[in-house]
Amino acid sequence: MAAAGVHQEDMMLLPDRNTIDRLLHHYRAQEQVVLARPGDLGVRRRFEDTAYTLCVLMGERTAREAVHAAERYVGRGGAVSPATAAETSS
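In this text, residue positions in the sequence shown follow our numbering: the first is -5, and each later residue adds one.
Printed below as a string of structure tokens:
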């Protein structure tokens, strides 16, 4: 049940900023390893798993969108949903 004046689709759980920050650092580190070892399928698979996790947590369809949304979300001071963070900075 939604609160008065709040639409159900506007209510979503927000990911922990520290978790997103750690995941972003992990993503960037893995990105460098993938660039250094492009033929290593295990490295690529872990990188893709991290990208997928960012997509799910940030509510985005592509890794690029998820990373940009996560960077904005972590950098914001107020409690803003990942989707809102992505929309307001476009």
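In this text, a Cβ means the ideal position worked out from N, Cα and C, and glycines have one as well. Since the model is a prediction, treat every value here as computed from it, not as a measurement.
Where does residue i fall in DSSP's three states?
i   : result
D10 : coil
What is the rounded straight-line gap between the Cα of residue i and the Cα of residue j?
i   : j   : result
L18 : E42 : 13 Å
R16 : A57 : 16 Å
R11 : D34 : 31 Å
A52 : R31 : With the sequence shown as reference, residue 52 is identified as Met, and Ala is not the correct amino acid for it. Distance between the alpha carbons of M52 and R31: 27 Å.
E65 : V37 : 23 Å
R55 : C49 : 6 Å
A63 : G69 : 10 Å
Thinking just about the alpha-carbon of each residue, which of the options is nearest to the one in residue i?
i   : options               : result
A23 : D10, G69, A45 and N12 : A45
T47 : A60, D10, V37 and R38 : A60
R40 : M52, H62, I14 and H20 : H20
_Sequence ranges, beta strand (DSSP E) only - wholly within the segment 17 to 70, length at least 3_ = none
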